[in-house]
Every structure is written in structure tokens, then in C-alpha cells.
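Heads up, the thing below is written out as C-alpha cells.
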Amino acid sequence: MKITREEVEHVARLARLELRPEEMDRITGQLDTLLSYVAKLEEVDTTGVAVTTHSGVEGNAFREDKVTPSLPRESALKGAPRQNGESFVVPRILS
Amino acid sequence: MDLFTLTLGEAKAKLDQGECTSVQLTESLLARIEAVEGRINSFITLDREQALRQAEQADRERRQGRAGKLCGLPLASKDVLCTSSMPTTCGSRILEHFVPPYDATVIEKLRREGAVLLGKLAMDEFAMGSTSENCAFGTPHNPWRPGYVTGGSSGGSASAVAADQCLASLGSDTGGSIRQPASLCGIVGMKPTYGRVSRYGLVAFASSLDQVGPMTKDVRDCALLMNVLSGHDPRDATSSARPVPDYTSALRDGLKGVRVGVPVEYFGAGLDPEVERVVRNAISMLADAGAEIIEVSLPHTEYCVAVYYLIAPAEASSNLARYDGVRYGYRAPQADSLLDMYRQSRSEGFGDEVKKRILIGTYALSAGYYDAYYKKASRVRTLIREDFRAAFAACDLIASPVCPTPAWPIGEKGDDPLALYLSDILTISANLAGIPGMSVPAGFSGDGLPIGLQLQAAHFNEEILLRAAWNLEGRAGVKGRRPELV
């Protein structure tokens with residue numbers, strides 16, 4: 141086993157997901173299959189090989205640190221499930 | 037003649053010569069959609085009234101001599117690109133009623149050139165999938181054989197073009213999501229070089245891999261759309277400032293002096309013999325056009341699926357953290373604490389495949405596993421890029437199959453996710469390397485399913501792809517062949 145049910149439960153907590161028991165069984169099985177498959181990367185000798193984290197070939201892009209017009213508040217709030225005209229409204233944070 | 041069968045280039049010529057109006061063209065396409073949509077299911081959102089208003093506006097602009105490059109031409113977009121005029125669902129319940137506050141840069145460019153936007157097309161949820169079966173709003177069907185998959189994740193974008201429901205469409209490609217459905221549906225699809233086209237307003241899946249591109253009826257249309265879509269965008273820092281060539285000038289007869297590499301690793305076990313026959317035949321047509329065919333090697337090909345299914349979910353797990361029920365999208369109504377609201381909104385809003393990929397990505401990035409999984413994959417990614425660099429020292433483009441098989445029945449691979457992931461093996465490496473790739477129709481299987489040829493080139497070398505594709509199109513004899521749907 142590459143991954144246990146307890147580990148999947150832990151990762152689900154980190155990812156803010158709740159899985160039903162039957163979902164948990166199925167997904168644990170599928171993750172285990174996938175992780176067993178990706179273990180083939182261990183065959184590759186990567187000593188001294190740099191990591192690639194982006195696909196660009198042109199290096200970093202710099203710009204002036206200048207304030208420019210951005211989304212008006214009204215538009216930013218328009219799609220919110222709950223808002224009060226000024227802010228997003230969420231349930232209580234402290235119990 | 038039915039106007040809906042026209043290519044973008046042909047329709048533009050008709051409009052320019054006054055042989056039809058945009059309203060007539062748009063009405064023809066809307067009638068076509070009405071006739072075939074019940075069997076194909078390409079659209080998530082279709083807006084007839086808006087489309088006709090845009091067509092009227094386009095006709096006015098044309099009369100006033102203000103016609104843009106796409107003036108009055110009806111297109112549609114994968115539902116992954118933000119449109120301020122209609123919902124953008126990404127094929128997900130979590131964004132079911134989301135209307136973005138702005139247009140994606142590529143949508144803005146289409147509008148600026150006068151295009152008519154018919155609607156938004158079906159896709160795997162958040163572009164995660166290879167069949168479009170993960171769409172929360174219904175699975176699109178392959179126009180060549182309803183009941184078979186379109187491919188994915190830009191499945192609706194492919195089926196809509198193949199079924200003549202729009203003149204051309206936009207798709208996005210993170211691991212083959214433009215090229216693979218283009219191949220399975222018998223149309224042209226291009227994934228441009230990373231950075232060639234702005235990603236602003238493209239709902240993010242894996243930011244180091246995602247790229248927007250055109251899906252069209254022929255190679256000329258692909259070049260026409262690339263002219264409009266490409267270019268620097270200050271709102272996407274990864275977009276390139278390189279000048280945009282006129283891609284249509286790449287469409288020249290003959291391939292004399294062009295070296296076409298054929299990677300041995302792309303013709304291995306699991307390749308359907310029909311696909312191999314059509315692809316080998318297409319490569320010989322490139323030779324007939326004057327190209328020199330050489331064998332090349334991409335030795336790390338067998339690792340690209342493993343690399344991709346760590347890196348893409350890792351990036352996705354971070355990108356999809358924004359769907360928390362606070363600023364937009366679905367919020368679970370009954371949650372009474374913030375944490376419960378996050379958990380319930382995400383758990384009820386996301387589908388299975390998306391949850392699974394978030395979990396893989398979170399795991400690969402989590403303490404104790406980061407080095408073994410994410411970092412290891414990022415190092416092997418470097419070796420995959422190096423493979424291409426070495427290959428392109430010896431050849432100008434690489435020709436291969438797109439997908440190991442033609443389209444398959446809907447539901448067939450549902451229980452075996454790994455088998456489905458492995459079907460991406462031939463398209464994934466272009467995204468990992470950031471190079472351009474395209475699928476161009478090459479022929480048909482014995483029982484009538486389309487098969488494409490994949491062409492890949494070095495960064496920013498889209499022109500050589502278009503030139504080779506143009507020469508193949510002229511010889512393959514499949515252009516204009518269309519599915520019988522009525």
C-alpha cells in the first residue's frame with residue numbers, strides 16, 4: 141500500500157474536503173493505484189538535475205510597481221453568495 | 037448551399053463580397069444547432085438572442101467599413117474562458133451560475149475583431165479529463181458516431197466544430213485537451229507555445245501547463261485565429277512580448293529542406309494498428325511534399341504520464357483552493373461555521389475527478405512527500421525538456437500519433453482511471469516542455485472514425501507546424517468530409 145485511508149483522511153482535511161465513507165474507499169483505492177504507478181520515477185537518475193517549475197523560455201517579467209485601476213468593488217461583489225454592498229459576508233469564524 | 041458548412045475563411049469571403057450577411061450566417065448556424073444538438077450536446081450555454089444582436093451589430097459595422105478580422109463570424113468557446121455576457125461554469129456545479137465580472141483577454145480579442153459568440157461549450161470539469169464525461173452538465177457525443185466520446189477536455193469545442201454548430205471554437209490544453217479531441221473528432225487543433233497566447237481569464241487548472249488555442253475546420257482557419265489570439269498581454273506576466281508573425285504566410289506548398297523527426301517511443305505497445313497505419317501514411321505524405329524523414333528519440337517519454345499526474349494535480353490543488361464559497365460560486369447553505377462552509381461547499385460543489393486530483397496534489401505537496409513526489413517530478417520534467425531540445429537539434433518538427441486509439445464508446449473506460457491517464461501519453465510532454473503542438477486530420481479508421489497526426493515543434497515555431505499541416509491537408513484528401521448527422 142502506497143497510501144492508507146488515514147493518510148487520505150489527513151490530506152482531505154488539509155484540502156478542506158469531506159468524503160463520504162464509500163467515496164473514501166473508492167478514492168483511496170484509486171490514489172493507491174496512481175501512486176504505485178508514479179513510483180516508476182524512482183528508476184530515473186536525477187542526480188544534479190535542476191527542477192523545472194514553469195514552461196516559459198523567457199525568464200522573469202518585471203514591471204513598474206504602480207497602482208493601476210482594478211475591478212470596481214461592485215463588480216467584485218456581484219457574484220458573491222452573500223455580501224452587504226461593502227464586504228463578503230461569511231459565517232462566524234470563532235465558536 | 038448551407039452556410040453553416042463554411043469554414044471561417046470561406047464565410048469571411050462571402051461576407052466581404054456581400055453574398056450573405058452575418059445575420060443570415062448566424063441564423064443558419066442556430067438552425068443547425070437546433071437540428072443536431074439533441075444528439076451531440078456540445079453546448080452548456082447557448083445564447084441565441086445575444087448572438088443575433090452581435091450579428092446585427094457586425095452587419096452594421098461592415099456597412100460602415102469598420103469590419104474587424106472576424107466581423108460577423110459565429111464562434112463558440114470552451115466554458116473555461118471568462119465571459120462577462122454569459123455564465124462560465126467550467127463544467128462544474130461549483131460555478132453553475134457564475135457570471136464573471138470581466139472577459140478573458142482572448143474573448144476580448146474575438147469581440148474586438150467583431151466575432152459573434154454563440155455560446156459556451158462542454159468540457160470535463162475544470163478541464164480534468166480525456167473524454168468530457170466529467171462534465172457536470174452532460175457529456176458531448178462524437179459527431180462521427182454518437183454514443184462515442186469526443187475526447188477531452190475540450191470535447192464540446194471539438195464536437196461543435198465537427199458537427200458544423202459553429203465555424204470555429206476556442207479550447208484550452210493542459211495535457212492534450214485541444215489536440216486529442218481534435219484528433220478524435222476529425223478537426224484541426226493547436227496548442228500554441230506556452231506564453232504565445234494570454235491566459236488572463238482562462239480559469240486556471242495547472243498554470244505552468246495551461247494554454248488557450250484554436251479548434252477549426254481547416255489549417256487556414258487555425259492560422260487566421262492564431263493571428264488574432266497571439267500576443268503579449270500585460271495582465272498575464274507569462275505571456276511573451278515576441279512579435280506575432282502573420283501565420284497565414286506560413287501556408288506554403290512544399291516541405292523541401294524540412295526535417296521531420298519520427299520518435300520511436302511514440303510507436304510502442306498499445307498503439308492501435310489503424311492509428312499507426314494512418315499516421316505512417318500521413319508521414320509519407322509529408323515526404324511526398326519534400327520533407328526529409330528521420331528517426332529521433334525522446335527517451336523519457338515513458339515517464340511523462342507519471343510526471344504530469346503529479347505536477348498538474350499539485351498546481352490544481354493550489355489553484356482550486358479559491359473555490360471556498362466566499363467570493364463566487366456555490367456556497368453550502370446550511371453551514372454555520374467558516375470551516376464547515378469551506379468543507380461543505382467544496383465537497384458538494386466539486387465532482388469526483390476534481391476531488392481526486394486535489395487530493396493527489398495536496399498529498400504530493402504535503403510535508404514529508406514534497407521531495408519524493410513534486411520535486412522528483414519537476415526534475416524529470418527537466419529531462420523531458422532536454423529530450424526535445426536534443427531532438428530539435430536534429431529535426432524541425434516531430435510527427436506522431438495524437439492518441440493511441442480512435443474514439444471509444446462513452447462509459448467504456450470509466451472504472452479504470454489509470455488506463456485513461458495513460459491514453460494521454462503522446463500529448464502530455466508538449467505541455468511539460470512548453471512547446472507548440474497541433475493535431476491535423478490525417479485519415480479514418482476502417483470503420484469510419486477520424487484519426488489525426490500530431491506535429492510538435494520548438495518553442496515559438498508555430499509556423500513550421502502550420503506549413504506541414506497545410507501540406508498534409510492538401511494531400512490527405514479528408515478535408516471537407518463531414519459526419520452524416522441528418
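Line by line, the protein sequences give chains C and Y. If you number the first sequence the way our numbering does, the last residue is 235 and the count never jumps. If you number the second sequence the way our numbering does, the last residue is 522 and the count never jumps. Beta carbons are placed, not taken as given, at the ideal position from N, Cα and C, and that holds for glycine. As the structure is a prediction and not an experimental result, all values here were calculated from the model.
Asked	Found
Any idea which residues DSSP pairs Y/Tyr523 with across the strands?	Residue coverage of chain Y in this structure runs from 37 to 522, which leaves residue 523 of chain Y outside it and unanswerable.
Does the contact criterion of 3 or more C-beta pairs under 8 Å hold for the stretch 289-306 of chain Y versus the stretch 429-440 of chain Y?	yes
Between the stretch 420-428 of chain Y and the stretch 194-210 of chain Y, do three or more beta carbon pairs fall short of 8 Å?	no
Let's see if you can read the secondary structure: which residues bound the alpha helix (DSSP H) around Y/Ala87?	Arg84 to Arg99
What span of residues does the alpha helix (DSSP H) with C/Ser176 cover, start to end?	Pro161 to Val178
Do the stretch 231-248 of chain Y and the stretch 269-285 of chain Y touch if we need at least three Cβ pairs shorter than 8 Å?	yes
At a CB distance below 7 Å, what residues from the stretch 183-208 of chain C approach chain Y? Give them in sequence order.	Val184, Thr186, Val189, Ala190, Val191, Thr192, Thr193, His194, Ser195, Gly196, Val197, Glu198 and Ala201
Kindly indicate which three-state DSSP category C/Gln223 falls into: helix, strand or coil?	strand
Expressed to the nearest angstrom, what Euclidean distance is found between the alpha-carbon atoms of Y/Arg98 and Y/Thr57?	9 Å
Go to Y/Ser64, then tell me how far its alpha helix (DSSP H) extends in each direction, as first and last residue.	Ser58 to Ile76
Please list the segments of the alpha helix (DSSP H) lying wholly inside the stretch 142-222 of chain Y, counting only runs of 4 or more residues, in order along the chain.	191-198 and 215-221
Which ranges would you report for the beta strand (DSSP E) in the stretch 462-515 of chain Y if only whole runs of at least 3 residues count?	473-480 and 486-493
For chain Y, check one thing: does any of its Cβ atoms lie closer than 8 Å to the Cβ of C/Pro161?	no
Would you call the stretch 46-54 of chain Y in contact with the stretch 176-196 of chain Y, where contact means no fewer than 3 C-beta pairs closer than 8 Å?	no
Quick check on the burial criterion: 16 or more other C-beta atoms within 10 angstroms. Buried or exposed for Y/Ser381?	buried
So does the stretch 479-499 of chain Y actually touch the stretch 313-333 of chain Y, counting three or more Cβ pairs closer than 8 Å?	yes
Can you list the residues of chain C that Y/Pro137 reaches, using a CB-CB cut of under 8 Å?	Leu211, Ser215, Ala216, Lys218 and Gly219
If you draw a straight line from the C-alpha of Y/Leu322 to the C-alpha of Y/Gly304, how long is it?	21 Å
Are the CB atoms of Y/Phe40 and Y/Ser78 nearer to each other than 8 Å?	no
Are there three or more Cβ pairs, one per stretch, closer than 8 Å when the stretch 252-260 of chain Y is compared with the stretch 164-174 of chain Y?	no
Quick check on DSSP: helix, strand or coil for C/Ala190?	coil
Are the C-beta atoms of Y/Gln380 and some chain C residue less than 8 Å apart?	yes
Could you tell me whether the Cβ of C/Pro158 comes closer than 8 Å to any Cβ of chain Y?	First, the residue type needs correcting, since residue 158 of chain C is Glu and not Pro in the sequence shown. True, the Cβ-Cβ gap to chain Y drops below 8 Å.
Under 8 Å, do Y/Pro176 and Y/Ala204 count as touching if we go by C-beta distance?	no
Exposed or buried, which one is C/Ile202 when buried takes at least 16 other CB atoms within 10 Å?	Strictly speaking, residue 202 of chain C in this sequence is Phe, with Ile absent from that position. With fewer than 16 Cβ atoms within 10 Å of its Cβ, C/Phe202 is classed as exposed.
When you compare only the Cα positions, how much space is there between Y/Ile80 and Y/Ala196?	11 Å
Count the CB pairs spanning the stretch 350-367 of chain Y and the stretch 160-171 of chain C that are closer than 8 Å, and state whether there are at least three.	no
Measuring straight from C-alpha to C-alpha, what distance separates Y/Leu287 and Y/Pro309?	31 Å
In chain order, what residues of the same chain have a beta carbon less than 6 Å from the beta carbon of Y/Asp360, not counting five sequence neighbours either side?	Tyr378
Under 7 Å Cβ-Cβ, which residues of chain C neighbour Y/Gly450?	The contacting residues do not exist; Y/Gly450 stays about 12 Å from chain C at best.
Which partner residues of Y/Glu331 appear in the DSSP bridge assignment?	Y/Val298
Spatial neighbours of Y/Leu508 within its chain, please: C-beta separation below 7 Å, excluding the five flanking residues on both sides.	Ala318, Met321, Leu322, Val476, Ala478 and Leu489
Is the CB of Y/Thr418 under 8 Å away from at least one CB in chain C?	yes
Determine whether the beta carbon atoms of Y/Asp95 and Y/Thr119 lie at a separation below 8 Å.	no
Do the stretch 143-158 of chain Y and the stretch 330-349 of chain Y meet, that is, are 3 or more Cβ pairs less than 8 Å apart?	no
Let me check understanding here. Comparing Cα to Cα, which of Y/Tyr230, Y/Gln100 and Y/Gly450 lies closest to Y/Asn170?	Y/Gly450
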